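Protein chains in written order, with our numbering: chain C, 3 to 315; chain A, 1126 to 1483.
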């Protein structure tokens, strides 16, 4: 429930039992008027104050701290090669995990929404696993599998392949934690849309690919984008799982969030907040896009062709 | 194109949706599959379309003009399928919807752009929506949407047109209009058409022949006249319109019920036993005085005089409710009032041979 709705609800609660009060307390009409004009104001102030304290202020602090020593110092922070490397690595990890999860997400949602098969509920549960498991555990899973002492550790070491404390590990961990985003977004929408349109397309002679490309995809494009945006935000900001598998090697296996932690621990506040401002900015852009896409997805839902329009004749 | 369905069964998990069903549809015929929900009519339609596969029991087959298509994919069957909820492509204009089936053809079979445009235009004319080509489905009324869906199905020049409760989501008035329109359209294009419906009025009105289905089986196949006037089973007479049911007994071709006994033609050699006696409301006559022995005394409970027939609900002396449809002229001539005692005499009864009880 949004704060606004909350206040509305509370307002209703405070004004509705008036009839009961009059019989017991008999407060004057004036008093009730006063009360009902004060209560919403009070609650709105409370909600706004709360939001400022916990959301707006921290966000502002990031930018204030980043620019504390001036704009020159701010941009100087990005001249550090290890900062650039961290940004690059983050982009690589995101760039690999995003398309993979996009393909997987669409395929999984398509299978779940349009077909009946054995093990469907297991698949749905598995998709949610990364949401349920702590990121640290997700990271540890990969260490236990591919680390030197792990299941495949010896086999990998023989072949001189390094996964943990190297880029592949970071990519794997990122894929794992961002696994559900696209699929989760698509499944309810596709289930709601059903498969009538696809069946119609096939009966008109379309191949499976044609029906997917011309019918399914246009129907879900906004939801796909929405999922990708969320997936992207999480991929770039992921700390826990990546932290476990990365090894924090400066200029080698540091992503942006890990680099921020190192800088902060070294009391390099401006540089830390400068990097943080990048993530925060991306977060704000994500939010804006997300709001726009939510609106678009809702439009897709509303155009479901139930006979809602008034019959013309 | 003629269609033949032979010994087809279909099982969904443990539910038998079709039990050994066979049906023959003649070339150019308009046939309706009529039945309550869960009777298997939609399943049969989808099996003909290829959207469902029949049970793999080596007995069932679906023939299009004598050619077995059971293993053929929907895509290759060239059927026009119309869905209850239209299934129009909502992000495409009316024009693009209708053109879809032609545009997805492989390059060497695809008509030229001009040929597609011509075809779509002529179809738009056929469905009387010429000025709506650029509209999107969400900007159309339900009836218009279903016409577009029909045009889209016709665009691929289907060998058979399959309609799954096409008017089910529309209101009564629009439904009536589309029904007559569809019949006229069929007389024009003459493509073999199978229409699924649970609305008996619709089935009887549009069809050349009606297939009445119940509990995964076909109960009766016949012209609308046959299924209505010569119902083959208790289910058929019960499903097609209102009917009064009396508990009675069949003895050497005579039906005994209440205080009456009537000859039942065709059942002279049927075994003796308990049987239900069915009388259509319009097969009952009302009189103020008792005429002969073939009448029942009853009180008028309710009168609904709206319509070509006055609908009367009577209560027999033994507590049986009796529905009577009286031509309006007859009703006004008699000047019947609520609460009056009258005598009801049947003109025609339906009795189905009782099965041997062991």
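Note that beta-carbon positions come from the ideal geometry of N, C-alpha and C, so glycine has one too. Because the structure is a prediction, the values reported are computed rather than measured.
Residue from the options with nearest C-alpha to residue i
i	options	result
residue 1389 of chain A	A:1137, A:1433, A:1471 and A:1421	A:1471
residue 274 of chain C	C:35, C:182, C:82 and C:59	C:82
residue 197 of chain C	C:218, C:121, C:151 and C:288	C:218
residue 161 of chain C	C:267, C:173 and C:148	C:148
residue 1137 of chain A	A:1466, A:1180, A:1146 and A:1164	A:1180
residue 1337 of chain A	A:1243, A:1162, A:1139 and A:1141	A:1162
residue 1234 of chain A	A:1198, A:1250, A:1281 and A:1192	A:1281
residue 283 of chain C	C:30, C:64 and C:42	C:64
residue 78 of chain C	C:287, C:140 and C:272	C:272
residue 1451 of chain A	A:1401, A:1437 and A:1302	A:1437
residue 1167 of chain A	A:1256, A:1238, A:1339 and A:1220	A:1339
residue 1406 of chain A	A:1365, A:1415, A:1397 and A:1379	A:1365
residue 1318 of chain A	A:1306, A:1289 and A:1285	A:1285
residue 1377 of chain A	A:1396, A:1384 and A:1383	A:1396
residue 1333 of chain A	A:1139, A:1152 and A:1142	A:1152
residue 270 of chain C	C:45, C:75 and C:199	C:75
residue 1200 of chain A	A:1449, A:1177, A:1453 and A:1363	A:1177
residue 1259 of chain A	A:1224, A:1169 and A:1444	A:1224
8 Å Cβ cutoff met for residue i and residue j
i	j	result
residue 1119 of chain A	residue 1435 of chain A	Chain A is shown from 1126 up to 1483; residue 1119 of chain A falls before or after that span and cannot be answered.
residue 1277 of chain A	residue 1222 of chain A	yes
residue 1404 of chain A	residue 1459 of chain A	no
residue 1293 of chain A	residue 1209 of chain A	yes
residue 1213 of chain A	residue 1270 of chain A	yes
residue 1252 of chain A	residue 1273 of chain A	yes
residue 1204 of chain A	residue 1283 of chain A	yes
residue 259 of chain C	residue 239 of chain C	yes
residue 192 of chain C	residue 290 of chain C	no
residue 1423 of chain A	residue 1370 of chain A	no
residue 229 of chain C	residue 187 of chain C	yes
residue 1248 of chain A	residue 1295 of chain A	no
residue 319 of chain C	residue 99 of chain C	Outside the modelled stretch of chain C, which goes from 3 to 315, sits residue 319 of chain C, for which no answer is possible.
residue 1207 of chain A	residue 1275 of chain A	yes
residue 1341 of chain A	residue 1165 of chain A	yes
residue 237 of chain C	residue 95 of chain C	yes
residue 92 of chain C	residue 257 of chain C	yes
residue 244 of chain C	residue 175 of chain C	yes
residue 1373 of chain A	residue 1400 of chain A	yes
residue 1476 of chain A	residue 1420 of chain A	no
residue 211 of chain C	residue 295 of chain C	no
residue 182 of chain C	residue 132 of chain C	yes
residue 1474 of chain A	residue 1402 of chain A	yes
residue 1219 of chain A	residue 1257 of chain A	yes
residue 1140 of chain A	residue 1215 of chain A	no
residue 167 of chain C	residue 248 of chain C	yes
Under 9 Å by beta carbon: chain B residues contacting residue i
i	result
residue 198 of chain C	Absent from the structure is chain B; the protein chains it does hold are C and A.
Review point. Per the contact definition of three or more C-beta pairs closer than 8 Å, is the stretch 104 to 115 of chain C in contact with the stretch 141 to 153 of chain C?
Key: no
Review point. If you measure beta-carbon to beta-carbon, which residues of the stretch 209 to 232 of chain C are closer than 8 Å to chain A?
Key: Those residues of the stretch 209 to 232 of chain C that come within reach of chain A (Cβ to Cβ, closer than 8 Å) are 209, 212, 216, 217, 220 and 221.
Review point. Do three or more CB pairs link the stretch 1329 to 1348 of chain A to the stretch 1387 to 1404 of chain A at distances below 8 Å?
Key: At 8 Å Cβ cutoff, the stretches do not touch.
Review point. Taking a cut of 9 Å between CB atoms, which residues from the stretch 111 to 135 of chain C lie near chain A?
Key: none
Check your understanding: Taking any Cβ of chain C, which residues in the stretch 1224 to 1249 of chain A have a Cβ under 8 Å from it, in chain order?
Key -> Cβ contacts with chain C come from 1225, 1226, 1229 and 1230.
Check your understanding: Curious, which full-length beta strand (DSSP E) runs of at least 3 residues does the stretch 263 to 297 of chain C contain?
Key -> none
Review point. Are the stretch 1306 to 1322 of chain A and the stretch 1158 to 1166 of chain A in contact at 8 Å, needing three or more beta carbon pairs?
Key: In the pairwise beta carbon analysis, the stretch 1306 to 1322 of chain A is classified as touching the stretch 1158 to 1166 of chain A: at least three pairs are separated by under 8 Å.
Check your understanding: Can you list, in chain order, the stretches of the beta strand (DSSP E) that have 3 or more residues and sit fully within the stretch 1259 to 1306 of chain A?
Key -> You should have 1285 to 1289.
Check your understanding: What residues in the stretch 1175 to 1201 of chain A have a beta carbon less than 9 Å from any beta carbon of chain C?
Key -> 1175, 1176, 1198, 1199, 1200 and 1201
Practice item. Could you say if the stretch 264 to 281 of chain C and the stretch 68 to 84 of chain C meet the contact criterion of at least three C-beta pairs nearer than 8 Å? Key: Touching, per the Cβ criterion.
Point to revise | Segments assigned beta strand (DSSP E), at least 3 residues, entirely inside the stretch 1139 to 1224 of chain A | key: Entirely contained in the stretch 1139 to 1224 of chain A, the beta strand (DSSP E) runs reaching 3 residues are, in chain order, 1140 to 1150, 1155 to 1159, 1186 to 1189 and 1204 to 1207.
Exercise for review: Taking only beta carbons into account, state which residues of the stretch 1381 to 1411 of chain A come closer than 8 Å to chain C, listed in chain order.
Suggested key: none
Review point. Three or more C-beta pairs closer than 8 Å, one from the stretch 1126 to 1136 of chain A and one from the stretch 1161 to 1175 of chain A: is that the case here?
Key: yes
Point to revise | Segment contact flag, the stretch 206 to 226 of chain C with the stretch 50 to 69 of chain C, C-beta cutoff 8 Å, min 3 pairs | key: The answer is no - the stretch 50 to 69 of chain C does not touch the stretch 206 to 226 of chain C, with fewer than three Cβ pairs under 8 Å.
Practice item. Could you tell me which uninterrupted alpha helix (DSSP H) segments, each at least 4 residues in length, are contained entirely in the stretch 1414 to 1467 of chain A, listed from first to last along the chain? Key: Unbroken alpha helix (DSSP H) stretches of 4 residues or longer found wholly inside the stretch 1414 to 1467 of chain A: 1453 to 1459, given in chain order.
Practice item. Entirely within the stretch 1385 to 1411 of chain A and at least 3 residues each: give me those beta strand (DSSP E) ranges in chain order. Key: 1385 to 1388 and 1398 to 1404
Exercise for review: Could you tell me whether the stretch 1142 to 1149 of chain A touches the stretch 261 to 274 of chain C, where touching means 3 or more Cβ pairs closer than 8 Å?
Suggested key: no
Check your understanding: Residue ranges of each alpha helix (DSSP H) run of no fewer than 4 residues wholly in the stretch 78 to 133 of chain C, ordered along the chain?
Key -> Correct list: 83 to 116.
Review point. Listed in chain order, which residues of the stretch 1257 to 1279 of chain A have Cβ atoms closer than 9 Å to some Cβ of chain C?
Key: 1261, 1262, 1263, 1264, 1265, 1266, 1267, 1268, 1269, 1270, 1274, 1277 and 1278
Practice item. Check each residue of the stretch 1311 to 1324 of chain A: if its Cβ is closer than 9 Å to any Cβ of chain C, include it; give the result in chain order. Key: none
Practice item. Using a Cβ-Cβ cut-off of less than 8 Å, give me the residues of the stretch 178 to 207 of chain C that come near chain A, in sequence order. Key: 198, 199, 201, 202, 203, 204, 205, 206 and 207
Review point. What residue ranges within the stretch 1309 to 1342 of chain A form continuous alpha helix (DSSP H) runs of no fewer than 4 residues, ordered along the chain?
Key: 1325 to 1331
Review point. What residues in the stretch 1444 to 1455 of chain A bring their beta carbon closer than 8 Å to a beta carbon of chain C?
Key: none
Review point. Using a beta-carbon distance cut-off of less than 8 Å, what residues from the stretch 1137 to 1154 of chain A approach chain C?
Key: none
Practice item. With 9 Å as the limit, tell me which residues of the stretch 1331 to 1350 of chain A have their beta carbon closer than that to any beta carbon of chain C; keep them in chain order. Key: none
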